[in-house]
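Take a look at the structure below.
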(Lines of atoms letter the chains of each structure in order from A and count residues from 1; the text may use other names and numbers.)
(Lines give C-alpha, C1' and ligand atoms only; values in the text may rest on other atoms or scores of the structure.)
Protein backbone atom coordinates (compact mmCIF):
# COMPACT_ATOMS: atom_id res chain seq x y z
CA UNK A 1 0.00 0.00 0.00
CA UNK A 2 1.63 3.29 -1.07
CA UNK A 3 1.88 5.77 1.80
CA UNK A 4 3.65 8.66 0.06
CA UNK A 5 5.28 9.58 -3.23
CA UNK A 6 7.81 12.01 -4.69
CA UNK A 7 9.08 12.77 -8.20
CA UNK A 8 12.54 14.15 -8.91
CA UNK A 9 13.85 15.20 -12.32
CA UNK A 10 17.20 13.59 -13.12
CA UNK A 11 18.20 16.47 -15.42
CA UNK A 12 18.04 20.18 -14.59
CA UNK A 13 16.82 23.10 -16.72
CA UNK A 14 20.20 23.13 -18.54
CA UNK A 15 19.74 19.43 -19.49
CA UNK A 16 22.56 18.47 -17.11
CA UNK A 17 22.37 15.29 -15.02
CA UNK A 18 22.20 15.69 -11.22
CA UNK A 19 25.82 14.59 -10.94
CA UNK A 20 27.18 14.34 -7.38
CA UNK A 21 24.06 15.86 -5.78
CA UNK A 22 22.55 14.89 -2.41
CA UNK A 23 18.95 15.86 -1.64
CA UNK A 24 16.28 15.25 0.94
CA UNK A 25 12.89 15.12 -0.77
CA UNK A 26 9.72 15.70 1.28
CA UNK A 27 7.08 13.30 -0.03
CA UNK A 28 3.46 13.94 -0.89
CA UNK A 29 0.87 11.89 1.02
CA UNK A 30 -1.39 9.36 -0.65
CA UNK A 31 -4.94 10.05 0.43
CA UNK A 32 -7.58 7.30 0.75
CA UNK A 33 -9.94 9.50 -1.30
CA UNK A 34 -7.47 9.63 -4.22
CA UNK A 35 -5.44 6.42 -4.12
CA UNK A 36 -2.63 5.88 -6.61
CA UNK A 37 -3.68 3.59 -9.44
CA UNK A 38 -0.12 2.32 -9.92
CA UNK A 39 3.04 2.13 -7.85
CA UNK A 40 4.52 4.91 -9.99
CA UNK A 41 3.08 8.40 -10.36
CA UNK A 42 4.74 9.77 -13.53
CA UNK A 43 2.24 12.61 -13.95
CA UNK A 44 2.66 13.78 -10.35
CA UNK A 45 4.29 17.12 -9.66
CA UNK A 46 8.04 17.59 -9.26
CA UNK A 47 7.41 20.58 -6.97
CA UNK A 48 8.73 20.16 -3.43
CA UNK A 49 6.09 19.56 -0.75
CA UNK A 50 5.99 22.85 1.19
CA UNK A 51 4.77 21.03 4.31
CA UNK A 52 8.21 19.43 4.76
CA UNK A 53 8.08 19.49 8.57
CA UNK A 54 5.13 17.06 8.66
CA UNK A 55 5.90 15.07 5.51
CA UNK A 56 7.80 11.81 5.30
CA UNK A 57 10.99 12.32 3.34
CA UNK A 58 13.53 10.33 1.43
CA UNK A 59 17.20 11.19 1.02
CA UNK A 60 18.91 10.44 -2.28
CA UNK A 61 22.48 10.82 -3.42
CA UNK A 62 23.43 10.86 -7.08
CA UNK A 63 26.91 9.45 -7.54
CA UNK A 64 29.45 11.68 -9.25
CA UNK A 65 30.05 9.87 -12.52
CA UNK A 66 32.22 12.44 -14.23
CA UNK A 67 33.99 15.75 -13.73
CA UNK A 68 32.45 16.81 -17.04
CA UNK A 69 28.70 17.59 -17.14
CA UNK A 70 26.48 14.78 -18.39
CA UNK A 71 24.15 16.42 -20.91
CA UNK A 72 20.81 15.03 -22.10
CA UNK A 73 20.91 14.79 -25.91
CA UNK A 74 18.96 17.18 -28.12
CA UNK A 75 15.47 16.15 -29.26
CA UNK A 76 16.81 15.77 -32.81
CA UNK A 77 19.43 13.27 -31.60
CA UNK A 78 16.84 11.37 -29.51
CA UNK A 79 14.52 11.07 -32.53
CA UNK A 80 17.40 10.06 -34.80
CA UNK A 81 18.50 7.27 -32.43
CA UNK A 82 14.91 6.13 -31.83
CA UNK A 83 14.32 5.93 -35.58
CA UNK A 84 17.51 3.91 -36.02
CA UNK A 85 16.51 1.54 -33.20
CA UNK A 86 13.01 1.09 -34.63
CA UNK A 87 14.49 0.31 -38.06
CA UNK A 88 16.90 -2.24 -36.57
CA UNK A 89 14.16 -3.79 -34.41
CA UNK A 90 11.62 -4.12 -37.25
CA UNK A 91 11.08 -7.76 -38.29
CA UNK A 92 12.16 -8.71 -41.81
CA UNK A 93 9.47 -9.72 -44.30
CA UNK A 94 8.29 -13.23 -43.41
CA UNK A 95 10.19 -13.23 -40.10
CA UNK A 96 8.42 -13.59 -36.77
CA UNK A 97 8.77 -10.59 -34.40
CA UNK A 98 9.60 -13.11 -31.65
CA UNK A 99 12.78 -14.16 -33.46
CA UNK A 100 13.92 -10.54 -33.50
CA UNK A 101 13.38 -10.29 -29.74
CA UNK A 102 15.36 -13.48 -29.09
CA UNK A 103 18.30 -12.17 -31.10
CA UNK A 104 18.57 -9.04 -28.96
CA UNK A 105 18.58 -10.90 -25.61
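In full-length UniProt numbering, the protein residues as written are 1 to 105.
C-beta: ideal position from N, C-alpha, C; glycine also.
For clarity, every value in this text was computed on a predicted model and none was experimentally measured.
Given this structure, state the Cα-to-Cα distance separating residue i from residue j, to the nearest angstrom.
i	j	result
residue 13	residue 88	32 Å
residue 20	residue 70	11 Å
residue 15	residue 2	30 Å
residue 4	residue 11	23 Å
residue 81	residue 17	20 Å
residue 75	residue 86	16 Å
residue 83	residue 73	15 Å
Buried or exposed for residue i, going by 16 or more other Cβ atoms inside 10 Å?
i	result
residue 51	exposed
residue 32	exposed
residue 47	exposed
residue 6	buried
DSSP beta-bridge partners for residue i?
i	result
residue 23	60
residue 71	16
If residue i and residue j are in contact, beta carbons under 8 Å, what's the gap, nearest whole angstrom?
i	j	result
residue 36	residue 30	6 Å
residue 27	residue 49	6 Å
Based on Cα-Cα distance, which residue from the options lies nearest to residue i?
i	options	result
residue 44	55, 85, 8, 82	8
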